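As structure tokens, the structure follows; a few thoughts come after it.
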Amino acid sequence: MPENKRDYYEVLGVDKSVNDDDLKKAYRKAAKKYHPDLHPGDAEAEKSFKEVNEAYEVLSDKEKRARYDQFGHAGVDPNFGAGQGGGFGGFGGFGDFGDLGDIFGSIFGGGFSGGRRQSPNAPRRGNDASSAVNISFEEAAKGCKKTVKVTKIDNCPDCGGSGSAAGSNVKTCPVCHGSGQVSTVQRTPFGQMQTQSVCHNCNGSGKIIDNPCRKCAGKGRIRHTVEREVEIPAGIDDGQVISVRGGGDAGVNGGPSGDLRISVNVRPHPIFERVGYDVFCEIPITFTQAALGAEIVVPTLEGKVKFTIHEGTQPGDEFKLRGKGIQRLNYSGKGDQYVKIIVEVPKDLSKSQKEKLRDFDTATDDKNYKKRKGFLDKVKDFFND
Ligand SMILES: [Zn+2]
Ligand SMILES: [Zn+2]
1 MPENKRDYYE VLGVDKSVND DDLKKAYRKA AKKYHPDLHP GDAEAEKSFK EVNEAYEVLS
61 DKEKRARYDQ FGHAGVDPNF GAGQGGGFGG FGGFGDFGDL GDIFGSIFGG GFSGGRRQSP
121 NAPRRGNDAS SAVNISFEEA AKGCKKTVKV TKIDNCPDCG GSGSAAGSNV KTCPVCHGSG
181 QVSTVQRTPF GQMQTQSVCH NCNGSGKIID NPCRKCAGKG RIRHTVEREV EIPAGIDDGQ
241 VISVRGGGDA GVNGGPSGDL RISVNVRPHP IFERVGYDVF CEIPITFTQA ALGAEIVVPT
301 LEGKVKFTIH EGTQPGDEFK LRGKGIQRLN YSGKGDQYVK IIVEVPKDLS KSQKEKLRDF
361 DTATDDKNYK KRKGFLDKVK DFFND
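Everything in the sequence shown is counted per this note's numbering, starting at 1 for the first residue and increasing by one.
What follows is the structure, encoded as structure tokens:
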């Protein structure tokens, strides 16, 4: 039955927006799962294997995929829907069925979607849900567990998703016999044509519920907000998104749940800045420390470490602490920490302090200020002094 044909994206368990790489991965996984060698004599597995291959054949072909996105199965399968719409036999002259789909699409404003509409009883994947989490710089660097709030659709806990109050029955809709669709005959420029539309007796569900569940008003599903704990991996950066498989809306008719996507916001740190997996910070020292050398304390993500500044350190000098950066996301190893030296020139000096500096200055010469000397020489040359 063509109506029961499953959505190709659903068959491979991927999103409509899936890229080529992820599509290939999903295909390999699914093909492996149902491979006949692993299930000898299992007709169900063989069917699934065929389904997976067919889905991949279409979705991996740019042109076929575009056609499928627009027209559903009817756009890619020459046999599909041929018996359904009825009366197509007379149009043999059009050749390729796909072109015919385009023609009908343009005449009826995309109404040629009868084949795409699924049976209301077919399994469908739930939609993805989204949430966000705020974490500190250190939590991002080291990983953490956080509780997030997620608003999503789940099967109603009171009726178990049936939509029917306890003790009452769910009947198959007598108008559409459970298909959720009714056929109507339309006059078209090509003669009479049968089209499908949603059954108004059951609103397309294919079921009639005598006594609807109160909690979900007979829908069988409820939108609610739940809290769940998520593991934030070490190395995550601001703006990245974590995907929790199956954490989204519940699937319909036994279909798989959607995924939960959590956007991560990382708060800035008062001392550290992050670039990739490296950590940067600036440390101000006195000009005496810079001139004489000193042992300074450097903050790192793992605590304080001592570092020796050598004699004659210049402003802007940078040093690296290997492996003191951030844990690489999903890999072993860490980035590095870079420390930039800021030399602070003292201000608000007292009279005696100033005097000492003047004395010091008279005691220095060009030998102590090589950079300055070199610069003055260049200036001299430039002006031919
Ligand atoms: Zn319910
Ligand atoms: Zn109906």
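All C-beta atoms in this analysis are idealised placements derived from N, C-alpha and C, irrespective of residue type, glycine included. Predicted model only: the values in this text are computed from it and were never measured.
Check your understanding: Under the criterion of a Cβ to heavy atom distance below 7 Å, does residue 201 qualify as lining ligand 2?
Key -> yes
Review point. Residue 320 and residue 338: beta carbons closer than 8 Å?
Key: yes
Check your understanding: By how many angstroms is the C-alpha of residue 180 removed from the C-alpha of residue 119?
Key -> 7 Å
Exercise for review: May I ask you to report which of helix, strand or coil DSSP gives residue 319?
Suggested key: strand
Exercise for review: Closer than 6 Å by C-beta to residue 136: which residues in its own chain qualify, once you throw out the five before and the five after it? Chain order, please.
Suggested key: 267
Review point. Can you give the beta carbon distance from residue 175 to residue 182, rounded, assuming they're within the 8 Å contact cut?
Key: 7 Å
Point to revise | Collapsed DSSP secondary structure at residue 378 in the structure displayed | key: helix
Point to revise | Buried/exposed call for residue 241, threshold 16 Cβ in 10 Å | key: exposed
Practice item. Can you tell me which of 123, 146, 138 puts its alpha carbon nearest to the alpha carbon of residue 132? Key: 146
Check your understanding: For residue 248, which residues of its own chain have a beta-carbon under 7 Å away from its beta-carbon, when the five flanking residues on both sides are left out?
Key -> 126, 127, 128, 129, 152, 257, 258, 259, 260
Review point. Under the three-state reduction of DSSP, which class applies to residue 36: helix, strand or coil?
Key: helix
**Study point:** residue 358 versus residue 347 - alpha carbon distance
**Key:** 15 Å
Exercise for review: Could you pull out every unbroken beta strand (DSSP E) segment of at least 3 residues lying fully inside the stretch 199-271, listed in chain order?
Suggested key: 207-209, 221-232, 241-244, 260-266
Point to revise | Between the CA atoms of residue 217 and residue 26 - distance to the nearest angstrom | key: 37 Å
Point to revise | Reference residue 277; option with closest CA among 237, 124, 150, 342 | key: 237
**Study point:** DSSP three-state assignment for residue 14, whether helix, strand or coil
**Key:** coil
Check your understanding: Run through DSSP, which three-state label would residue 280 get?
Key -> strand
Check your understanding: Under a Cβ-count criterion, where at least 16 other Cβ atoms within 10 Å of its own Cβ denotes burial, should residue 38 be classed as buried or exposed?
Key -> exposed
Check your understanding: Smallest Cα separation from residue 302: which of 23, 284, 272?
Key -> 272
Exercise for review: Report yes if the CB atom of residue 340 is closer than 8 Å to the CB atom of residue 282, and no otherwise.
Suggested key: yes
Exercise for review: In angstroms with no decimal places, state the Cα-to-Cα distance between residue 79 and residue 73.
Suggested key: Any answer about residue 79 is weak, because its pLDDT of 49 lies below 50 and its placement is not dependable; what the coordinates show is given next. Approximately 9 Å, taken between the alpha carbons.
Practice item. Would you kindly work out how many angstroms separate the C-alpha atoms of residue 382 and residue 317, rounded to a whole number? Key: 29 Å
Point to revise | Cβ-heavy atom distance, residue 175 to ligand 2, below 7 Å | key: yes
**Study point:** Span of the alpha helix (DSSP H) around residue 6
**Key:** Careful: residue 6 lies outside any alpha helix (DSSP H) and carries neither H nor E.
Check your understanding: Taking all protein chains shown into account, do 16 or more other C-beta atoms lie within 10 angstroms of the C-beta of residue 376, making it buried, or fewer, making it exposed?
Key -> exposed
Check your understanding: residue 121 to residue 207, Cα distance in whole Å?
Key -> 10 Å
Check your understanding: Name the DSSP beta bridge partners of residue 130, please?
Key -> 261
Check your understanding: Can residue 167 be considered in contact with ligand 1, in the sense that its beta carbon sits closer than 7 Å to one or more heavy atoms?
Key -> no
Review point. What does residue 306 pair with, by DSSP beta-bridge criteria?
Key: 297
Check your understanding: Quick one: is the Cβ of residue 152 within less than 7 Å of any heavy atom of ligand 3?
Key -> The model on display carries ligand 1 and ligand 2 but not ligand 3.
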